[in-house]
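Heads up: the sequence shown runs through residues 191 to 370, numbered per our numbering.
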Amino acid sequence: MLSLIGIIISCLWMAHTGDPGDRIDVKHVDPDKVFLLIDKLHHRLYVYEDTRLLASFPAVFGSNDLSDKMMAGDRKTPEGLFHIIAKRYDKRWSRFLLLDYPNAADYQKFYARKAAHVIPERAEIGGGIGIHGTWPKDDFVFTYMQNWTNGCISIPNEAIRQIYEIVKIGTPVVIKRSIP
């Protein structure tokens, strides 16, 4: 009985953490039900179709400081609810999924921080945040969870190619510091 419980826990853990070699059966996914969930603390990007976990991939971010993005140039990855607003092939990073950062919630946080003098009066909010692959042959960044972007989310090139096929303009993306 004890070993059965261990097997079940292991299966649930793998269902949540996935494997870097996860493959998405792109032909059998409804893009209208897909959303992405990103856990900065655990360096994971989860792909869901409705409530079903399709895959999980390693992810790296901007700064090693995993707190919320404050302003342009801080290299932090923003937290909140975003949507994909553009998809494109990219010479450097295979594919690029542009997010709607900054959105209304981001502007609200930004102006509140300015008013509280948490960030400089002349600070700008920034933009151009998205999900993309990495330089060819640079997958070692996922082995060492080496954050290197200017605030974007970087995942292995094979992962971004799969995700690119099943997301559409408007796909929701939730970015959190940590998912319990």
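Where a beta carbon is used, it is the ideal one built from N, C-alpha and C, also for glycine.
Where residue i sits in the DSSP three-state scheme
{"i": "Tyr151", "result": "Because the chain spans 191 through 370 in this model, residue 151 falls outside it and cannot be assessed."}
{"i": "Lys366", "result": "strand"}
{"i": "Arg351", "result": "helix"}
{"i": "His273", "result": "strand"}
{"i": "Ala306", "result": "coil"}
{"i": "Ile214", "result": "coil"}
{"i": "Ile356", "result": "helix"}
{"i": "Ser200", "result": "Note that Ser200 has pLDDT 38, beneath the 50 cutoff, so the model's placement of it is unreliable and the number below is only indicative. Note: Ser200 maps to helix in three-state DSSP."}
{"i": "Phe225", "result": "strand"}
{"i": "Val237", "result": "strand"}
{"i": "Asp280", "result": "strand"}
Sequence-distant residues of its chain with Cβ nearer than 7 Å to residue i (five each side left out)
{"i": "Arg265", "result": "Gly252, Ser253, Asn340 and Gly341"}
{"i": "Glu269", "result": "Asp258, Ile365, Lys366 and Arg367"}
{"i": "Asn337", "result": "Val250, Phe251, Gly252, Ser253 and Asn254"}
Proximal residues to residue i (C-beta, below 6 Å), its chain only, five neighbours per side dropped
{"i": "Val219", "result": "Glu239 and Ile356"}
{"i": "Thr361", "result": "Val224 and Ile274"}
Proximity of residue i and residue j at Cβ, strictly below 8 Å
{"i": "Asp280", "j": "Phe272", "result": "no"}
{"i": "Val237", "j": "Ile274", "result": "no"}
{"i": "Met261", "j": "Ile319", "result": "no"}
{"i": "Gly317", "j": "Trp283", "result": "no"}
{"i": "Lys304", "j": "Ala295", "result": "no"}
{"i": "Ile359", "j": "Ile321", "result": "no"}
Residue nearest to residue i in terms of C-alpha spacing, selected from the options
{"i": "Lys217", "options": "Leu244, His233 and Leu226", "result": "Leu244"}
{"i": "Ile343", "options": "Tyr301, Phe247, Lys299 and Ala302", "result": "Phe247"}
{"i": "Leu231", "options": "Gly263, Thr267 and Pro221", "result": "Thr267"}
{"i": "Thr333", "options": "Leu227, His233, Asp222 and Tyr354", "result": "His233"}
Residue i to residue j span [Cα, whole Å]
{"i": "Phe330", "j": "Asn347", "result": "12 Å"}
{"i": "Pro210", "j": "Gln352", "result": "Caution is warranted here: a pLDDT of 45 is assigned to Pro210, below 50, making its placement in the model unreliable, and the coordinate value is therefore given only provisionally. Going by the C-alpha atoms only, they are around 12 Å apart."}
{"i": "Ile369", "j": "Asp229", "result": "6 Å"}
{"i": "Glu311", "j": "Gly263", "result": "15 Å"}
{"i": "His276", "j": "Leu288", "result": "A quick correction: the sequence has Ala, not His, at residue 276. Those two C-alpha atoms are separated by around 5 Å."}
{"i": "Asp222", "j": "Ile345", "result": "22 Å"}
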